[in-house]
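Here's the structure, in structure tokens; my notes come after.
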Amino acid sequence: MSGRLSAAPPPSVRVRAPGKVNLALRVGPVGSDGYHPLATIFQAVTLFEEVTATLAAPGAGISLTVSGPQADDVPTDETNLAWRAAALLADRTGLAADVALHITKGVPVAGGMAGGSADAAAALLACDTLWEAGVPRSELVEIAAELGADVPFSLLGHTAVGTGRGDLLTPAMTRGEFHWCFGTQRVGLSTPSVFRRFDELAGPSTPAVAPADDTELMHALRAGDPVALGKALHNDLQAPALDLRPELAEVLDVATESGALGVIVSGSGPTVAALGRSRQHALALGAAWTAADVVDAVWCASGPAPGTQIVTSITR
Ligand code: C5P
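First residue of the sequence shown? That's 909 in this note's numbering, and the numbers climb one at a time after it.
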């Protein structure tokens, strides 16, 4: 009997959180805090990060391991957003930060799809559940926003309008499913450097942003009309991303020539998102990229996808 008890698994919570594509990303003039005001429309897609949080012995602190595609490119120390999320939650709740975190990557690394933000969102929910902290949802969202501008959206998921730094969210109405293919590059782009190049290219005359610029896009989402959505995609960070990585132009061209309904750099890049007419067509767009040898990997997915969710929970 005692043998069975000692073999019981430690309390553990597995959570998954989605990556995203920005259907529209409008960037205003940089503020004194170094951040840019945004008017953006996020869509969560069915590429998921999984974070498993396992209770560690008292005083053990935080530890972190990573597996999955591009795992070698991900830091496993306190600079990792999932680690920072666990530490910040412990700090806010006064609980001991004793947890072993494991991340299984499912979102491209440093690709403009918020994989690191998804890790932070998943770690927050996993640790809150594991430690039975019971932090109210509104407070989790505030902690998420402190960790990064895209973290609150990964908690929420689906499709949402983002203002402020991209962290003030309003859910958007959508119909049906949209089929995407993402072409990624082995070497990522740093988000701050793309924003900096945006400032250099746009100069001091950058106009203020307004979500009202995207009424066509919102209509397309409500109608479930992928053709109209494809035409309405917009990204102010595309020009600076192309300036830093000119070879991305070919990735955009190949998808356009293959009949994509719309093609756009995802967030700060270098991932390129192509919208297909169907799941089959999205797969064909990926095949065209592979045949042209212009991307290092293709990832097909659909949107919208749900936000951060508990997958399994083993408690005491
Ligand atoms: O918030 P997060 O850490 O994801 O942002 C990374 C960097 O991207 C920021 O340090 C900033 O340089 C840039 N950024 C910005 N304006 C935003 C969001 C991010 O300039 N609204």
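In this text, a Cβ means the ideal position worked out from N, Cα and C, and glycines have one as well.
By the rule of a C-beta closer than 6 Å to any heavy atom of the ligand C5P, the residues picked out are Gly942, Tyr943, His944, Leu946, Gly1056, Ala1057, Asp1058, Arg1073, Gly1074, Thr1099, Pro1100 and Phe1103. Taking 8 Å as the upper bound for CB-CB distance, leucine 972 and threonine 984 are in contact here, some 5 Å apart.
Taking C-beta atoms as the reference points, aspartate 1027 and leucine 1064 fail to come closer than 9 Å. Taken atom to atom, the span from the alpha-carbon of valine 1095 to that of arginine 934 is near 25 Å. In this structure the region 1206-1215 does not touch the region 1106-1126; the number of beta carbon pairs closer than 8 Å is below three.
Here glutamine 1188 is exposed. Its C-beta has fewer than 16 other C-beta atoms within 10 Å.
Taking the Cα positions, threonine 1114 is about 19 Å away from leucine 1150. When rounded, the separation of the alpha-carbon atoms in leucine 1156 and valine 1180 is 8 Å. Looking only at Tyr943, Val1135 and Ile1218, the smallest Cα-Cα distance to aspartate 1075 is reached by Tyr943. About 44 Å separates the Cβ atoms of isoleucine 1172 and proline 917, ruling out a contact at the 8 Å cut-off.
Residue environment analysis places arginine 1045 among the exposed positions, since fewer than 16 neighbouring C-beta atoms fall within 10 angstroms of its C-beta.
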